[in-house]
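Counting from 1, one number per residue, gives the positions in the sequence shown under the numbering used here. No residue lacks a Cβ here, since even glycine has one placed at the ideal position from N, Cα and C. Let me begin by presenting the structure, written as structure tokens, before commenting on it.
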Amino acid sequence: MLKQDVYGCDITISSHDALIAWNKTLHGFLAHSASTGITLGETLEFEPEFALAQSCKGLFSLLLGRKELNEVATEAFLNAKASDKANPVTERERHFISALGGWLQGNLRTAIAEMETVLTKWPHDALAMKLSHAIMFMLGDSKNMRTSLENIFDVYHGHQAEGYFNGCYSFTLEETGEYKRAEMYGRRALELAPDDAWGLHAITHIFDMTGRAKEGLEWIDGKETAWQHCNNFRYHVWWHIALMHLDLGNYDKVLELYDEDIRKDKTDDYRDISNATSVLLRLEFEGVNVGDRWQELSDLAATRTDDNCVAFADLHYMMAFCGNFDEKPATQLLSNMQSAETRHHSELTAIIHKPGVLAATGLEAFRDQNFTLAHDCLTKARPTLQAIGGSHAQRDVFERLAIESALRGGLRTQAKTLLQERDLHRGYKDGYSESRWRVIENGSQGGAQQVAGVAAKNID
Ligand SMILES: [Fe+2]
């Protein structure tokens, strides 16, 4: 039986209760709400044969980048196919099944193409809009993320999901360097959808890229309602707040946020691990002693050395091992990254192979204080590093790593080049950039504290 979802798309569903739960799922997915998984589960409890929900269960599972969830996604795919065979679904819904099937075969671009086809024919489908955005984010493909939204821009004027659309659009504008327009759409997103955590978060990216940490902290203060309903995405918003404090040199506050918010729950989601590892490494670049905080991250990452689902995840697991000087899991992970593509070719393992292995080798070399090798590997990885996925702010930890390697390895000219390129890319200097330019201008090189230009701090 056909019904319509909250955005006016036909869905092959018969249970009214399932429809209510499905509409909540759509809203939850757009808002990054913690309730999304719960309402999706309810939808499928009411109607297990609902092929679109099965497809989304599979796609949401793959977005989590965990090896064991491949089985969950495969089962969901088979369920969706069986439902379609027993009771043919709509053409639009079938594209979601194909998207899941393509991704399971290692073709992420197929999944994106399926979502883009949906948006061509049914541009008002906010689920496809957000899914396409989320999948392309895993490839760091900000240019096409923006194009995808601009193709359907007019349809979202007056659309029920206009706020969330604007939040997504703001993020893509920021990632493609149009900060003023990005800020305008981000603010508009929050006016229309006060729980649009992604839109709020897009604005924190703008403050980061434009070196306006103080203003960013003032702006976000009191806006908790936009993101406290979130799933683990809320840790990422805390991470952005911590980065702004870091840029202002408020290291005690960064550690407080780390302990009380970013790592309040010792989760092993790769995005949570990436928030944690990259803030600890940034703190260490500033000469801050982070105590034994690497330990739990390394322990959790050690269970994931053969995941090889997403290069971004593998590299942050490697960061945890290097931060904790755990050589054995680091060696294991690097070996698995080197063989991942041979064992299972896919678009994602190809990225793990290159530039992933280069960046991981750079991390290991930095740990071993072989700064020349670290610089060499990281600068070779750099031109294609965007493909590991995530945002400029997230990948900036690798920019800093390359710069620190050059500074500590006495490669002054190379350090200048890297800093100039970072400044040019951002368009603005932040606290990090200014401190490293001071180091270069003063001609100092060598140990970590001298390079960082700050006094070593012992804060646990
Ligand atoms: Fe972010």
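Query, Result
"Is it buried or exposed, Q394, if we count other Cβ atoms within 10 angstroms and call 16 or more buried?", "buried"
"Output needed for S15: all residues of its chain with C-beta closer than 7 Å, excluding positions within five of it in sequence on either side, in chain order.", "F46 and E47"
"When you compare the stretch 192-202 with the stretch 417-425, are there three or more beta-carbon pairs, one atom per stretch, that lie closer than 8 Å?", "no"
"Can you tell me which of the three DSSP states N151 falls into?", "helix"
"Comparing the CB of S391 with every heavy atom of ligand 1, is any distance shorter than 8 Å?", "yes"
"Specify the secondary structure class of Q4 as computed by DSSP and reduced to three states.", "strand"
"Starting from T12, follow the alpha helix (DSSP H) in both directions and report where the run begins and ends.", "No alpha helix (DSSP H) holds T12; the beta strand (DSSP E) holding it covers D10 to T12."
"What separation, rounded to the nearest whole angstrom, lies between the Cα atoms of I152 and G37?", "27 Å"
"Any idea what DSSP makes of N288, helix, strand or coil?", "For the record, residue 288 in the displayed sequence is Val; it is not Asn. In this structure, V288 counts as strand in the three-state DSSP scheme."
"In angstroms, rounded to a whole number, what distance separates the CA positions of S405 and A226?", "38 Å"
"For K328, which of A302, S346, R343 and L62 has the nearest alpha-carbon?", "A302"
"What is the DSSP secondary structure of C377, reduced to helix, strand or coil?", "helix"
"In or out: L2 buried (at least 16 other Cβ within 10 Å) or exposed?", "exposed"
"Examine ligand 1 and report whether any of its heavy atoms sits within less than 8 Å of the Cβ of H16.", "no"
"Nearest CA to the CA of D261: which residue from L248, G249, D247 and V279?", "V279"
"Please confirm whether any heavy atom of ligand 1 lies closer than 8 Å to the CB of H201.", "yes"
"Evaluate contact between the stretch 230-238 and the stretch 26-44, counting only Cβ atoms and requiring at least three cross-stretch pairs below 8 Å.", "yes"
"Quick one: what's got a C-beta closer than 8 Å to T120's C-beta in the same chain, skipping five residues either side?", "N151"
"According to DSSP, which residues form a beta bridge with S55?", "Partner(s): none; S55 has no beta bridge."
"For ligand 1, is there any heavy atom lying closer than 8 Å to the beta carbon of T90?", "no"
"Looking at the strands, I want to know which residues DSSP matches up with C230.", "S33"
"Would you mind working out which of E434, V288 and S142 sits nearest N250, comparing C-alpha positions?", "V288"
"Can you check whether the CB of L26 is closer than 9 Å to the CB of L62?", "no"
"So does H236 have its beta carbon nearer than 8 Å to some heavy atom of ligand 1?", "yes"
"According to the neighbour-count rule (16 or more other Cβ atoms, all chains shown, within 10 Å of its Cβ), is F312 buried or exposed?", "buried"
"In the DSSP assignment, find the alpha helix (DSSP H) that holds K67 and state where it starts and stops.", "Segment: none, K67 is in no alpha helix (DSSP H) and carries neither H nor E."
"Just curious, the alpha helix (DSSP H) that K121 is in, first and last residue?", "L108 to K121"
"In the structure shown, what three-state DSSP assignment does A452 receive?", "Confidence is the limiting factor: at A452 the pLDDT is only 44, short of 50, which leaves the residue's position unreliable, though a coordinate-based value still follows. A452: helix per DSSP, three-state reduction."
"Distance check for G186 and S98, CA to CA, integer angstroms please.", "32 Å"
"DSSP state of A193, grouped into three classes?", "coil"
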